[in-house]
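Notes for the one structure printed next.
Numbering (this note's numbering), first residue to last: 8 to 562.
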């Protein structure tokens, strides 16, 4: 009788019918066995009974969980107890247990599928964010491609525009970019054969020159009053009025650059590399200068979230406050970069710093450089590189002007991996001095060098200007009748690819009768010579006789 009641209970549950049937079949097949096996069959039946009851409890608990968001419980409604609750002496008990759990999970999935999904917290957070510009509702974007913005860089109101105007400008910019792409594709097929500008390019150049004629005429009295009134009303919360300051063509170029920078910042924000209002160092105090940063740098979060960083200009350690910096400067014994001084002329010196010997200094230098460089990825792995740091000396020490890094063993003969001129020393000729110094090292090594790609926007401008100056000087001093790219490369240590691209941009390379000819354009040489005379002896140049350096061996 007890055994029949247990089989009835096992078969009464809707979720345990499969287990009760299998246990009944096992009893029929094992009826001919000896009485010594009966205790085992009795344990198996008890196990299936408990599993069928547990499936009932599980489905009931899942139904109540839809109404009460209580933490998940065990099938018995309590915390799991000892192993004695489940008899696993039968070899098929684990199989019965797995079938009961699968059925319970399927039932719970059906019930949970009707529950509403929770909204993720970051979606709510985005809608709670607000643009810091006073009076802005965070609608629209400077690029015209997004419906909302959360920073000043993408705020139409800050740039004295409306959201609709930004969308109209975005459409016109896309049309212009498509036209330029089609024109570049058609011209790139025969770039070396057709060096003379097309009629369309000539007309466009004349139109630009016509639009730029009145850009230096200055503001009229009414316009000045309007600009002053705008500045007094809004202060630093709005961008100054830019109309009538320059030509419409140059103003449109500036607007394009703003939209492009805003789009890049928006991509970084979406990827999570920067967050608005935090983890973005906006200014640094460096020596006697306060510098506005341009890009994000991966400083530690406890420093990055401050917004303003204090950096020692000699050892490049970064600190949180002015007080800490003042105490550090009282104890800091550094007055110049570590390493060997390999060049000195006047107040300009260059120090060679090994990334393996002075790891902390080089890492701090890379973190500082990333604030002003977009395409820099090297921060901490500095051991395979040499850093050449240029300084300007006075009675207080050697102040950082700029630097470039170089691989100790470059398979592609790159003579520069990363190059930077500090913002307070830009547009003073120090960038060309750094580039010239890198090529001077390549000449001493008897190699042909080239900078590592990709170059930043300012770096590309500096290198193109340097290559142009080198080629025009070589042409001016060249007295022979025949010239070759290989000879120019060996003389200047500039890569032949860079020489060809510069000659093409100067329209000094012509394809004639199956050969490429180098044209000596006297008008460009005379123009360069006039600029050299105008600069005078104060022009900053590198003197090869002041270099005290031998190529490193086995580094």
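Just so you know, even glycine gets a beta-carbon here, dropped at the ideal spot from N, CA and C.
Being a predicted model, the structure only gives us computed values, none of them experimental.
Given residue i, which residues of its chain have a CB within under 6 Å of its CB, disregarding the five upstream and five downstream residues?
i           : result
residue 448 : none
residue 248 : 234 and 237
residue 450 : 500
residue 227 : none
residue 332 : 317 and 326
Look at the alpha carbon of residue i and the alpha carbon of residue j, and state the distance between them as a whole number of angstroms.
i           : j           : result
residue 478 : residue 472 : 10 Å
residue 475 : residue 327 : 44 Å
residue 298 : residue 492 : 42 Å
residue 207 : residue 214 : 11 Å
residue 410 : residue 391 : 16 Å
residue 393 : residue 293 : 23 Å
residue 188 : residue 550 : 43 Å
residue 385 : residue 458 : 15 Å
residue 140 : residue 523 : 57 Å
residue 155 : residue 181 : 20 Å
residue 430 : residue 309 : 25 Å
residue 81  : residue 277 : Residue confidence is low: residue 81 scores 37 on pLDDT, short of 50, so the model does not pin down where it sits. Its coordinate-derived value is still stated next. Answer to the nearest angstrom: the Cα atoms are 41 Å apart.
residue 349 : residue 554 : 6 Å
residue 209 : residue 367 : 54 Å
residue 143 : residue 319 : 39 Å
residue 119 : residue 152 : Residue confidence for residue 119 is low, a pLDDT of 41 falling below 50, so the modelled location carries little weight and cannot support an answer.
residue 137 : residue 166 : 17 Å
residue 505 : residue 543 : 28 Å
residue 414 : residue 343 : 23 Å
Under 8 Å Cβ to Cβ from residue i, same chain only, skipping five residues before and after it: list those, please.
i           : result
residue 497 : 455
residue 6   : This structure gives no information on residue 6, because the portion of the chain shown stretches from 8 to 562.
residue 2   : It is not possible to answer for residue 2, since the shown part of the chain is limited to 8 through 562.
residue 556 : 349, 350, 359, 448 and 451
residue 335 : 319, 324 and 326
Helix, strand or coil for residue i per DSSP?
i           : result
residue 332 : helix
residue 422 : strand
residue 414 : strand
residue 146 : strand
residue 173 : helix
residue 271 : helix
residue 376 : helix
residue 299 : strand
residue 427 : strand
residue 249 : coil
residue 40  : The predicted model places residue 40 with a pLDDT of 42, which falls under 50 and marks its position as unreliable, so this point remains unresolved.
residue 210 : helix
residue 326 : strand
residue 155 : strand
residue 457 : strand
residue 404 : strand
residue 161 : helix
residue 385 : coil
residue 258 : helix
Tell me the residue span of the beta strand (DSSP E) that contains residue i.
i           : result
residue 469 : First-last for residue 469: 464–484, but that is the alpha helix (DSSP H), not the beta strand (DSSP E).
residue 398 : 392–401
residue 352 : 347–352
residue 315 : 315–318
residue 508 : Counting along the chain, residue 508 falls outside any beta strand (DSSP E), though it belongs to the alpha helix (DSSP H) covering 503–512.
residue 525 : 522–525
residue 540 : Per DSSP, residue 540 belongs to no beta strand (DSSP E); it is in the alpha helix (DSSP H), 529–542.
residue 355 : 355–361
On the DSSP letters alone, give me the boundaries of the alpha helix (DSSP H) that residue i sits inside.
i           : result
residue 233 : 228–241
residue 444 : 437–452
residue 519 : It is not in any alpha helix (DSSP H) - residue 519 instead sits in the beta strand (DSSP E) that spans 516–519.
residue 290 : First-last for residue 290: 290–293, but that is the beta strand (DSSP E), not the alpha helix (DSSP H).
residue 499 : 492–499
residue 309 : 308–311
By Cβ distance, which residues of its chain are closer than 7 Å to residue i, with the 5 residues on each side in sequence left out?
i           : result
residue 346 : 358, 359, 360, 361 and 365
residue 301 : 378 and 379
residue 382 : 461 and 463
residue 218 : 254, 255 and 256
residue 46  : Here the model assigns residue 46 a pLDDT of 42, short of 50, so the residue's position is not dependable and the matter cannot be decided.
Run the proximity test for residue i: is its beta-carbon closer than 6 Å to any non-hydrogen atom belonging to the ligand COA?
i           : result
residue 537 : With respect to small molecules bound, the structure shown includes none, and the ligand COA cannot be examined in it.
| Contact between the segment 316–324 and the segment 370–389 (3+ Cβ pairs under 8 Å) | yes
| How about the segment 336–346 and the segment 423–437: do they share at least three Cβ pairs that are nearer than 8 Å? | no
| Cβ pair count under 8 Å reaching 3, the segment 346–355 against the segment 397–411 | yes
| task | State whether the segment 159–179 contacts the segment 140–147, with contact taken as three or more CB pairs (one from each stretch) at a distance under 8 Å. | result | yes
| Inter-stretch contact (C-beta, 8 Å, three-pair minimum) for the segment 530–546 and the segment 418–434 | no
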